[in-house]
Amino acid sequence: MRPREQHELDEALREAFRQVDPPPGFADRVVRRASRGPVRTIGGRAGLRWAAAAVLVIAVSGGLWYRAEERRRIEGEEARRQVLLSLQIAGSKLSAVQMKINRHEESRQ
Amino acid sequence: MKPIIGAAVLTLALSSNVLAQSFQIPDRIERLAPKARESVNITLDGPLLQLASQFMGANEQEVKQLVSNLKAVHVRSFEFDREGQFSDADVESVRIQLRTGWSRIIDTVEDGEHVEIYVKRDKEQLGGVVILSAERKELAIVHIDGPIDLKQLSLLGGHLGIPVIPK
Chain A
168 MRPREQHELD EALREAFRQV DPPPGFADRV VRRASRGPVR TIGGRAGLRW AAAAVLVIAV
228 SGGLWYRAEE RRRIEGEEAR RQVLLSLQIA GSKLSAVQMK INRHEESRQ
Chain B
143 MKPIIGAAVL TLALSSNVLA QSFQIPDRIE RLAPKARESV NITLDGPLLQ LASQFMGANE
203 QEVKQLVSNL KAVHVRSFEF DREGQFSDAD VESVRIQLRT GWSRIIDTVE DGEHVEIYVK
263 RDKEQLGGVV ILSAERKELA IVHIDGPIDL KQLSLLGGHL GIPVIPK
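Protein chains in written order, with the numbering used here: chain A, 168 to 276; chain B, 143 to 309.
As structure tokens, then:
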């Protein structure tokens, strides 16, 4: 770098880093804002809490629904088994009666 | 005043007729269970029958149709180790309930096995069936409450050992 170019660069840097006083009341505004506490954002800690609560509600509701469905399925299968057993017993008795009637009719002929 | 009394008498007569046709397994029959070697105790009311019909498989559609119209099914079946574990009075406690509003359509006695079939009329169709089977070491009572016709039962002839009922 030539001496002239070096001088120009030094001047530019000096100008850029020149000390400037803050606008009036800047320090007061900073202190006031700091005293109000942190800024609230939608995606902050509160949002995380709501999301966790929603997940918990969904999980509990899903679990309860699954248990109710499972209980209903077990009761339904058991009721079906009992219906088939009832009809089997009724059927066997009717079958026995029918055989007796058939035998009786055959003996009459 | 007279119409009120008339209406009350009519209501009483109708309700007594309904009560006479309703059938319940007698308590003395329920008390036979501890003596039995094997017993079956089934009580299915309307909602349970509806639930059961929802779980019928594709090959049980005829049973499903039969069950969908029923109000209740009661079964008490006992197998005893030896004879004399139930008395005529036990069986009679069932028959007493079937004297009014029910018709005995079959009564067979053979080799110590006494089977009676009672039906209840409901308008033009059968409103219920009771099968009472008393053997030396076995007693079975099946009560099917609700519209059940013999055609439906005969449709089930090939299933569950239910025979085709002769006309």
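Don't be surprised by glycine CBs; every beta carbon is placed ideally from N, CA and C.
Contact check, B:Gly288 vs B:Ala214, beta carbons under 8 angstroms | yes
Is there a Cβ from chain A that is less than 8 angstroms from the Cβ of B:Glu252?
-> yes
Can you list the residues of chain A that B:Ser125 reaches, using a CB-CB cut of under 8 angstroms?
-> Lying outside 143 to 309, the shown extent of chain B, residue 125 of chain B is not represented and no answer is given.
Across which residues does DSSP place B:Asn183 in a beta bridge pair?
-> B:Arg218
Does the distance from the C-beta atom of B:Val257 to that of B:Ile248 stay below 8 angstroms?
-> yes
List the whole-angstrom C-beta distance separating B:Leu190 from A:Ala246, where the pair is believed to meet the contact cut-off of C-beta under 8 angstroms.
-> 5 angstroms
Using a C-beta cutoff of 8 angstroms, does A:Glu244 count as contacting chain B?
-> yes
Is A:Ile256 near B:Ala282, with beta carbons less than 8 angstroms apart?
-> yes
Backbone CA spacing between B:Glu172 and A:Val227 [nearest angstrom] = 43 angstroms
Could you give the C-beta distance for B:Leu90 and B:Phe228, rounded to a whole number, given that I count them as a contact under 8 angstroms?
-> Nothing about residue 90 of chain B can be read from this structure; chain B reaches only from 143 to 309.
Which whole-angstrom value is the C-beta distance of A:Gln249 and B:Leu186, which I expect to be below 8 angstroms?
-> 6 angstroms
Round the Cβ separation of B:Val272 and B:Phe165 to the nearest angstrom and send it over; I've been treating them as touching at under 8 angstroms.
-> 6 angstroms
Hey, is B:Arg218 close to the ligand GTP, as in C-beta under 7 angstroms from one of its heavy atoms?
-> Among the components modelled here there is no ligand, and therefore nothing to report on the ligand GTP.
For the putative contact between B:Ile219 and B:Val209, defined by C-beta atoms under 8 angstroms, what is the C-beta separation to the nearest angstrom?
-> Correcting the residue type first, residue 219 of chain B is Ser in the shown sequence and not Ile. That belief does not hold up - the Cβ atoms of B:Ser219 and B:Val209 are roughly 19 angstroms apart, past 8 angstroms.
Whole angstroms is fine: what's the gap from B:Gln207's alpha carbon to B:Asn183's?
-> 23 angstroms
Determine the chain B residues that contact A:Ala220 at a beta-carbon separation under 9 angstroms, and present them in chain order.
-> Neighbours of A:Ala220 on chain B: none; closest Cβ ~35 angstroms, over 9 angstroms.
Length of the line joining the Cα atoms of A:Gln265 and A:Leu254 = 16 angstroms
State buried or exposed for A:Gln276, treating a residue as buried only when at least 16 other CB atoms are found within 10 Å of its CB.
-> exposed
For the beta strand (DSSP E) that contains B:Arg241, what are its first and last residues?
-> Note, B:Arg241: premise wrong, no beta strand (DSSP E); not H, not E.
Do B:Arg224 and B:Gly254 have their CB atoms nearer than 8 angstroms?
-> no
Where A:Leu261 and B:Ala200 are concerned, what is the direct C-alpha to C-alpha distance, given to the nearest angstrom?
-> 25 angstroms
Residues within the segment 233-250 of chain B neighbouring chain A, beta-carbon criterion of under 9 angstroms = Ile248 and Thr250
Output the distance between the C-alpha atoms of A:Trp232 and A:Gly204, rounded to the nearest integer angstrom.
-> 44 angstroms
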